[in-house]
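Protein chains in written order, with numbering that gives the first Met the number 0: chain A, 0 to 242; chain B, 0 to 242.
Protein chains: 2
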Amino acid sequence: MVCGSGACMTTQVSIGRLQALSPDLYRQKSDLTGGIPRTYAPGETIYDYEDDTPRLLFLVSGWAVSSKMLPNGTRIVVEFALRGDMISTPSLELARETVQALSRVTVMEFPDFTSHASLEVSPRLYRIVLTEMMRRQARMSERLANIGRRDALERTGHLLLELATRLGPSRLKPNFDGFECPLTQADIGDAVGLSTVHINRVLRDMRVGGLLSFRNGIVEFLDRHRLMELVDFDETYFTPHMI
Amino acid sequence: MVCGSGACMTTQVSIGRLQALSPDLYRQKSDLTGGIPRTYAPGETIYDYEDDTPRLLFLVSGWAVSSKMLPNGTRIVVEFALRGDMISTPSLELARETVQALSRVTVMEFPDFTSHASLEVSPRLYRIVLTEMMRRQARMSERLANIGRRDALERTGHLLLELATRLGPSRLKPNFDGFECPLTQADIGDAVGLSTVHINRVLRDMRVGGLLSFRNGIVEFLDRHRLMELVDFDETYFTPHMI
DNA sequence: CGCAATATTGAAAACGATCAAGGGTCGTGG
DNA sequence: CCACGACCCTTGATCGTTTTCAATATTGCG
């Protein structure tokens, strides 16, 4: 479905790179020493439940998608992972999810201590993993609500607003309300349970309605306030804990 | 939405009761000593993110539902919890979920060690919580796929087959393939993202099609094999890890 | 420059929601 | 014992949304 583009490359991750994480995350995650940094190109598979042994992966920069294929040939996106997110746990194996890079991505890789009873693990490390899993569950719970009980406009609006909120204030240009977004319309459709064609129509309606524009990999909120009202998006769902 | 029927009652949970858990679960969960047993009547609220302080709750017997209300007035069911499931974590607070009893229910309650950095916690306890969260994520991931990429028949078929698989072999009568199910059609609709009316029609179609019957709180598989094929249900998704 | 992936639009059809009305069951109180 | 209300189930008719199919741009990239 997504064409991989070569083998995984291992690189050095400089301190500067790690500090691309927000201050809070950096303080917390920097406890995770001994990880192996790796980078992936867009389209590459980072983790595949079928081939790979469980390990812990933290996304340092870039976008990744965790999805699964169904027997009927369709795909469902379980979540889009952003910098700071833990993108792999043994649960992905249970859930049969595959993680792929959507942009150039840097991850830190750790051995999966949760499978080895013998490993002595610091409570602090356990706490970090637990926290990440709780946040993931909160995101999944929100996605469930999105797909299950909202119409097409609300679903796509919610998804893009969620991503904007999780990314934090944009640093693209001054006075620009939006973000760089490597998703295709097919990705969005697979995330909100709609066909690609319909995502296209919904995005057009939003554009002509002066709500938001998504072209050439850039999402711009033309009127974020009105969009939030229209899809009734509650920002406090995602702040401050979930970001 | 569901009328509570009185205050929560605290009772003794005999060893016999705890052993209602499957052997594996019992062996594992019996490490959890010091919990407080409680029982709830159908319709009672077990945990409400708005009122309650985080704590860990394990379902010993009965059915519970974890759901959330959306600003647009609709409800989404995040999961149905069965015996052995951990039904409350701090993530429910993030995700704004409420847990209610669907039948008479017994739970074991523990303080939430994950919020208190000071608490010395055994790695074993951490492991149990982690395992439960992984299983919950796997279930949520499956529910996401169900709602997002399947039609009405497949969704309801999958849900009922999943519940049957998680419950294990029925002990109702010999040669009976089915289970006692305290869900209403509205519960099912809120779990799979369909209207109550449509759930009703789908169940009728399944009944007249000789696939399954759900009447008076009893789900009976009239032809489980054909149903599984029709909705292409892959049992290995749920066995053996997830049960 | 050319190919492959992605985006765009229209028309027709399928699917599920909604509205409306009625039926069954259970528990409670007169 | 029956009447009543609450809750849940059931069915028909209609409406609206979203899917599907098909054809045509457009974009990105080697």
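Each residue gets a CB set at the ideal place from its N, CA and C atoms; glycine is no exception.
Query	Result
Buried or exposed: where does residue 217 (chain A) fall if 16 or more other Cβ atoms within 10 Å of its Cβ makes it buried?	exposed
By DSSP, does residue 40 (chain B) sit in helix, in strand, or in coil?	coil
Using DSSP with H/G/I as helix, E/B as strand and the rest coil, what is residue 47 (chain B)?	strand
Tell me the DSSP secondary structure of residue 164 (chain A) in three-state form.	helix
Counting only runs that start and end within the stretch 154 to 199 of chain B, where is the beta strand (DSSP E) found for 3 or more residues in a row?	177 to 179
Can you find a CB in chain A that lies within less than 8 Å of the CB of residue 58 (chain B)?	no
Measuring only the C-alpha atoms, how far is residue 108 (chain A) from residue 104 (chain B)?	42 Å
Looking at residue 77 (chain A): is its Cβ nearer than 8 Å to the Cβ of residue 87 (chain A)?	no
Does the stretch 138 to 147 of chain B come into contact with the stretch 179 to 186 of chain B, if we say contact requires no fewer than three beta-carbon pairs (one atom in each stretch) closer than 8 Å?	no
Do you know offhand how far residue 128 (chain A)'s Cα is from residue 132 (chain B)'s?	11 Å
Mind listing the chain B neighbours of residue 90 (chain A)? Cutoff is C-beta to C-beta under 7 Å, in chain order.	133, 136, 137
Which one of B:197, B:178, B:195, B:165 has the shortest CA to CA distance from residue 221 (chain B)?	B:178
Kindly list, in the order they appear in chain B, the residues whose Cβ is closer than 7 Å to that of residue 125 (chain A).	125
I'd like the span of the alpha helix (DSSP H) that includes residue 78 (chain A), first residue to last.	Taken as a continuous stretch (DSSP letters only), residue 78 (chain A) belongs to no alpha helix (DSSP H), being part of the beta strand (DSSP E) at 74 to 80.
Between the Cα of residue 38 (chain B) and the Cα atoms of B:213, B:60, B:91, B:193, which residue gives the shortest distance?	B:60
DSSP on residue 219 (chain A), reduced to helix/strand/coil?	strand
Near residue 46 (chain A), which residues of its chain fall below 6 Å by C-beta distance, leaving aside the five closest residues on each side in sequence?	87, 98
List the residues of chain A that residue 142 (chain B) touches, going by C-beta distances under 8 Å, in chain order.	143
When the Cα of residue 256 (chain A) is compared with those of A:151, A:192, A:134, A:92, which residue comes out closest?	No statement about residue 256 (chain A) is possible, as the shown extent of chain A runs from 0 to 242 and does not include it.
Using a cut-off of 7 Å between C-beta atoms, extract the partners of residue 233 (chain A) located in chain B.	70
Can you pull out the residues from the stretch 31 to 54 of chain A whose beta carbon lies closer than 9 Å to at least one beta carbon of chain B?	none
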